[in-house]
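Please read the structure below before turning to the comments.
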Amino acid sequence: MEPVKRKDAIKSIFEVVLPNDVTASTTGLISREIFTKYDSARNIYVPGSMGLVSSIALAIAICHPEKRVIAIDGDASLLMNLGTIVTVSAYQPKNFLHIVLDNNAYGSCSEEKSLSSFAKFDKITKDVGYKYVRIVDSVVELKNAILNSFSGPSFILAKISLGGKRDFSRPTKLPEIKYRFMNFLKEQDKIKDK
Amino acid sequence: MKINCLNGKRLFNSLDKTGNKKADSLHKIFKEFGIDFSTGVPCGVLRHIISNLKSDPTVLHLSANRESEAIGLAAGAYFSGKKPLVYMQNSGLFAASNDIASLLIPYTIPVFLVVTYRGHKEDDAAQHIVTGRATENLLKSFKLNFSVYENQNLKELVNGLFVKMKKNNLPTILLLKRGWNL
Chain A
1 MEPVKRKDAI KSIFEVVLPN DVTASTTGLI SREIFTKYDS ARNIYVPGSM
51 GLVSSIALAI AICHPEKRVI AIDGDASLLM NLGTIVTVSA YQPKNFLHIV
101 LDNNAYGSCS EEKSLSSFAK FDKITKDVGY KYVRIVDSVV ELKNAILNSF
151 SGPSFILAKI SLGGKRDFSR PTKLPEIKYR FMNFLKEQDK IKDK
Chain B
195 MKINCLNGKR LFNSLDKTGN KKADSLHKIF KEFGIDFSTG VPCGVLRHII
245 SNLKSDPTVL HLSANRESEA IGLAAGAYFS GKKPLVYMQN SGLFAASNDI
295 ASLLIPYTIP VFLVVTYRGH KEDDAAQHIV TGRATENLLK SFKLNFSVYE
345 NQNLKELVNG LFVKMKKNNL PTILLLKRGW NL
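From first to last, the protein sequence lines are chains A and B. With the numbering used here applied, the first sequence closes on residue 194, and no number is skipped along the way. With the numbering used here applied, the second sequence closes on residue 376, and no number is skipped along the way.
What follows is the structure in structure tokens.
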């Protein structure tokens with residue numbers, strides 16, 4: 001079977017997100033592809049500070065327990081902030097879904113190999129206390145895993161191939177994206193309060 | 195001056211559980227400005243501040259393993275409508291400097307940082323000397339508003355920082371030296 005491409009993995013995620021879901025995406029091509037194709041008020045991008053997407057998403061998940069918060073992470077990015085899985089496990093947010101698109105490389109820069117093949121992300125996340133852990137290598141499995149990830153903390157390791165389109169635009173007007181995102185969270189709160 | 199003493203008072207490595215007046219008044223100011231979220235990496239010099247934050251039921255406190263992680267958690271809390279405070283030592287300020295520069299500043303995320311100022315004099319432990327010398331330069335080069343507490347009126351100083359932070363929406367730093375709370 002052909003390995004899943006980054007573009008198809010991202011497409012699958014956005015095909016099954018619910019209107020209430022929040023997505024936070026990591027540095028580099030992952031955020032740039034999402035920004036170019038699936039930009040929306042529910043998205044927050046982490047163009048710098050590589051590794052922090054899961055920390056940002058974790059705090060949002062804890063502050064908004066009624067909303068599913070999806071961190072779209074990369075393998076090298078997670079390795080940069082691996083302590084985050086312990087923090088997630090300590091606070092046990094059921095609504096936190098951590099998806100790692102693993103191409104075993106620093107795909108956004110030089111495509112050098114990362115060390116993710118040694119990481120056993122599925123085992124360590126399960127060991128520290130994620131409640132729902134899946135490894136997927138097809139778009140169907142990825143979608144099914146997302147659709148079933150409501151009792152977390154959840155972790156989905158999606159094996160993807162290296163390569164793909166690189167010339168996406170970059171999220172630049174970050175304060176505007178910030179206010180749009182904060183308003184999205186606030187509006188949702190109002191709906192909840194009604 | 196011995197490393198662990200100032201005016202004959204023991205500053206460091208004592209884990210007394212008693213409260214501290216200056217830390218308490220600082221906490222009151224934090225509350226006046228709406229601080230309702232805190233995270234960070236502990237420092238002995240800040241222990242009274244941290245203990246006040248952790249024991250306040252109106253402040254959501256999350257533990258972080260590294261200062262960078264604390265910056266990420268604070269950013270997420272801010273997006274969620276919280277007013278975050280992050281505590282760390284200045285060593286950690288350097289560890290998290292890219293996260294402040296590439297996440298908080300470009301997104302205009304006002305985080306109030308309470309940072310221990312180690313190594314501001316060359317008589318501190320060896321590992322603090324270089325970062326101590328560079329701390330204010332780092333903050334100046336980031337064009338961030340900060341103050342060093344040197345026994346001025348604490349309330350006025352911190353009020354000033356919060357008022358400016360409200361205007362510029364940028365991370366703002368209070369630097370506290372060892373012995374600040376005596």
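Cβ coordinates follow ideal geometry from the N, Cα and C atoms, glycine included.
(message) Is there a C-beta anywhere in chain B that falls below 9 Å from the one on T214 of chain A?
(response) For chain A, the structure presents residues 1 to 194; residue 214 of chain A sits outside this window and is missing.
(message) Going by DSSP in three states, G312 of chain B sits in which element: helix, strand or coil?
(response) At residue 312 of chain B the sequence reads Arg, which differs from the Gly that was named. Three-state result, R312 of chain B: coil.
(request) Look up I72 of chain A in the DSSP assignment and give the residues it is bridged to. (result) A:S25 and A:I99
(message) Let's see if you can read the secondary structure: which residues bound the beta strand (DSSP E) around V239 of chain B?
(response) Run containing V239 of chain B: none; DSSP gives neither H nor E here.
(request) Identify the continuous alpha helix (DSSP H) that holds Q321 of chain B and give its terminal residues. (result) A320 to S335
(request) Show which residues of chain A have a CB atom less than 8 Å away from the CB atom of E263 of chain B. (result) L52, S55, N81, G83, T84 and T87
(message) Rounded to the nearest angstrom, what separates K5 of chain A and K159 of chain A at their Cα positions?
(response) 9 Å
(request) Give a yes or no on whether the C-beta atoms belonging to P65 of chain A and P153 of chain A are separated by under 9 Å. (result) no
(request) Within its chain, find whatever has a CB closer than 6 Å to the CB of R180 of chain A; leave out the 5 residues flanking it on each side and keep chain order. (result) A41
(message) Which residue wins for smallest C-alpha separation from N284 of chain B, given the options B:R260, B:T302, B:F273 and B:H242?
(response) B:R260
(request) Would you verify that the beta carbon of Y281 of chain B is, or is not, closer than 9 Å to some beta carbon of chain A? (result) no
(message) Within a Cβ cutoff of 7 Å, which residues of the same chain sit near D230 of chain B, ignoring the five residues on either side of it in sequence?
(response) T252, V253, L254, K276 and K277
(request) Using alpha carbons as the reference points, say which of A:L157, A:K131, A:K113 and A:G129 lies closest to E141 of chain A. (result) A:L157
(request) With 9 Å as the limit, tell me which residues of the segment 28-54 of chain A have their beta carbon closer than that to any beta carbon of chain B; keep them in chain order. (result) I44, V46, P47, G48, S49, M50, G51, L52, V53 and S54
(request) From the DSSP output, in three-state form, read off Y179 of chain A for me. (result) helix
(message) Between which two residues does the beta strand (DSSP E) holding V342 of chain B run?
(response) N339 to V342
(message) Per DSSP, what are the beta-bridge partners of V280 of chain B in this structure?
(response) B:T233 and B:L307
(message) Check for me: the alpha helix (DSSP H) holding R6 of chain A runs from which residue to which?
(response) R6 to V16
(request) Kindly list the residues whose CB is nearer than 7 Å to the CB of L220 of chain B, restricted to its own chain and excluding five residues on each side of it in sequence; keep chain order. (result) I243, L348 and V352
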